[in-house]
Amino acid sequence: MHAMQYEITLPADYDMGFIRRRVAAKGHLLDGHQGLGLKAYAIRERAAEDAPGPRQPVNQYAPFYLWEDPSALTDFLRGPGFQGLSADFGRPTVRNWHGLGHADGPARGAVPRAAERRTWVLPPGEDVGAHAGAALDGLRELARQPGVHTAALGLDPHRWELVRFVLRDGTTAPGEGDGNGEDAYYEVLHLSEGPGL
Numbered sequence: 003m004h005a006m007q008y009e010i011t012l013p014a015d016y017d018m019g020f021i022r023r024r025v026a027a028k029g030h031l032l033d034g035h036q037g038l039g040l041k042a043y044a045i046r047e048r049a050a051e052d053a054p055g056p057r058q059p060v061n062q063y064a065p066f067y068l069w070e071d072p073s074a075l076t077d078f079l080r081g082p083g084f085q086g087l088s089a090d091f092g093r094p095t096v097r098n099w100h101g102l103g104h105a106d107g108p109a110r111g112a113v114p115r116a117a118e119r120r121t122w123v124l125p126p127g128e129d130v131g132a133h134a135g136a137a138l139d140g141l142r143e144l145a146r147q148p149g150v151h152t153a154a155l156g157l158d159p160h161r162w163e164l165v166r167f168v169l170r171d172g173t174t175a176p177g178e179g180d181g182n183g184e185d186a187y188y189e190v191l192h193l194s195e196g197p198g199l
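For the sequence shown, this note's numbering assigns the number 3 to the initial residue and increments by one for each residue that follows.
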């Protein structure tokens, strides 16, 4: 498994209805895509009253992917869908993390409507395995909470950063940060799943 996300930050007065219409028209194109685990078509809408989590500071299109096959990830970045997105918005920086694990939650059969991402940097000189093991234990515990669809954990060994991404059905409040990482909250417009996750 490999986790990936890019964030396209849009002007403060941008009509996010355009992104909603784009996802409604094209989101299904990755449904059943070979090598894909899942793609959450996530957005942040500036100052939206009903957005998940605290008020959002930006308008952003920020899809999150879990890839089962790294070559499918590479093919996607070289393919027409990503090229079309880059032509419309500029080529975004793509963040990626080696997958450490994922878990299904009790809401796995529901349609996810909200997502949260937490990233935190591992302290220099400390045991990476111990931190990753503790984060995996926390992931499994979190995945048992009501409203959780899927939870995933990844590691970026360039920045020595962990990421935890959680999809929720939208019926429960997002998790609360503890001040030890960077948290972001999203609305999920569509979920594409590959054949195997």
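Beta carbons are placed, not taken as given, at the ideal position from N, Cα and C, and that holds for glycine.
Sequence-distant Cβ neighbours of F84 in its own chain, meaning closer than 7 Å and more than five residues away, are F78.
Per DSSP, reduced to three states, the secondary structure at E143 is helical.
Pairing A42 with F20 gives a Cβ-Cβ distance that is not under 8 Å.
Leaving aside the five residues that flank L32 on each side, the residues in its chain whose CB is nearer than 7 Å to its CB run, in chain order, L38, K41 and S194. By the neighbour-count definition (other C-beta atoms within 10 Å, threshold 16), G34 is an exposed residue. For Q36, there is no enclosing alpha helix (DSSP H), since its DSSP letter is neither H nor E. Closest in C-alpha terms to M3, from the list W122, P72, L164 and R46, comes P72. Per the DSSP secondary-structure output, H4 pairs in a beta bridge with W69 and H100.
Within 10 angstroms of the beta-carbon of D185 lie 16 or more other beta-carbons, which makes it buried.
Residue pairing by DSSP puts L169 in a beta bridge opposite A117 and T152. For Q7 against R97, the beta-carbon gap comes to about 5 Å, under 8 Å, which counts as contact.
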